[in-house]
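There are 2 protein chains.
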Amino acid sequence: MFGLIGHITVQPGRRAELAAILLEGSDALPGCMSYVVAEDVADADGLWVTEVWTDQAAHRASLELPEVQASIARGRPLIVEFDQFHETRPLQVGSA
Amino acid sequence: MFGLIGHITVQPGRRAELAAILLEGSDALPGCMSYVVAEDVADADGLWVTEVWTDQAAHRASLELPEVQASIARGRPLIVEFDQFHETRPLQVGSA
C-alpha cells in the first residue's frame, strides 16, 4: 500500500469549499482504498487529508484523470500552503 | 464524526512492534469507522495514526475497554512521544 498524509492551510473562510472539491474528486478512483478529509478542530483554516492507495502507481495514475485535474485546478487557488505532506506505508486499513 | 490524527516517534527499531499492537487493539471497536496505521517513509521511527469514529463518545468508550487498555499498557513503553496529536471533524470517509 501507498499512503499520503497532508495538512493544508486554506484561504480564510474557504475550507468547506475546498473540502467539497477534494471529496468530489475522490469518488471511485481506481486503486483508492481510503480517503479521509477532516477539518482541524484547533485551526479554523486547517484541513487534513489521509489517503491510502493500493500502490504508488495507482496514485500517480489518478493525477492524470481529467476529473482529478479539474478538481486540482479548482482547488489550487483556495490553498495557502501544504504545511505538511508525508508519504507513508499504510500497514492496514481497519474499521469496524 | 470525530477524528484523530497523530504522529508518534517510536523507540528505535520498535515501530513494527508498536504498529502490530495498535492494529490488534483496533479490531472491531464499536463506533470505529476507519483506523489507518501507516509508517512514515521519511522517518524510520515515525508512525501515523488516522482514526475516524462515529462520535467522540465512541472514542472515549473505546478507551475503557479491557483489550484497549491492555494494548495501551503494552504500547506505551515503545513510544518516545506523540509529536503531533490533532482532533478533527472528518467530513466523509471515502474509498473506491
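In the order they appear, the protein sequences are chains A and B. Residue numbers for the first sequence follow this note's numbering, beginning at 71 and rising by one. Residue numbers for the second sequence follow this note's numbering, beginning at 71 and rising by one. Ideal Cβ placement from N, Cα and C applies to all residues, glycine included. Note that the coordinates shown come from a computational prediction; the quantities given were computed from them, not determined experimentally.
Are the beta-carbon atoms belonging to residue i and residue j less than 8 Å from one another?
i	j	result
Gly73/A	Glu134/A	no
Glu94/A	Ser141/A	yes
Trp123/B	Gly145/B	no
Leu117/A	Val107/A	yes
Asp110/B	Pro82/B	no
Taking residue i as the reference, give the member of the options with the closest Cα.
i	options	result
His77/A	Ser141/A, Val150/A, Ala131/A and Gln162/A	Val150/A
Pro160/A	Ser104/A, Ala127/A and Ser141/A	Ser104/A
Asp138/A	Ala98/A, Arg84/A and Thr79/A	A small fix is needed here, since residue 138/A is Val in this sequence, not Asp. For the residues Ala98/A, Arg84/A and Thr79/A, the minimum Cα distance to Val138/A belongs to Ala98/A.
His129/A	Thr158/A, Ala108/A and Gly83/A	Thr158/A
Val119/A	Thr79/A, Gln162/A and Met71/A	Thr79/A
Val163/B	Ala89/A, Gln126/A, Arg85/A and Met71/A	Ala89/A
Leu148/A	Ile91/A, Gln126/A and Gln154/A	Ile91/A
Asp153/B	Ala127/B, Met71/B, Glu87/B and Asp113/B	Asp113/B
Met196/B	His156/B, Ala143/B, Asp125/B and Phe155/B	Outside the modelled stretch of chain B, which goes from 71 to 166, sits residue 196/B, for which no answer is possible.
Who are residue i's beta bridge partners in DSSP?
i	result
Ser43/A	There is simply no residue 43/A to check, as chain A begins at 71 and stops at 166 in what is shown.
Glu151/B	Thr79/B
Gln139/B	DSSP lists no partner for Gln139/B.
Glu173/A	The question about residue 173/A has no answer here: the residues shown for chain A are numbered 71 through 166.
Gly145/A	DSSP lists no partner for Gly145/A.
Leu117/A	Ile78/A and Glu109/A
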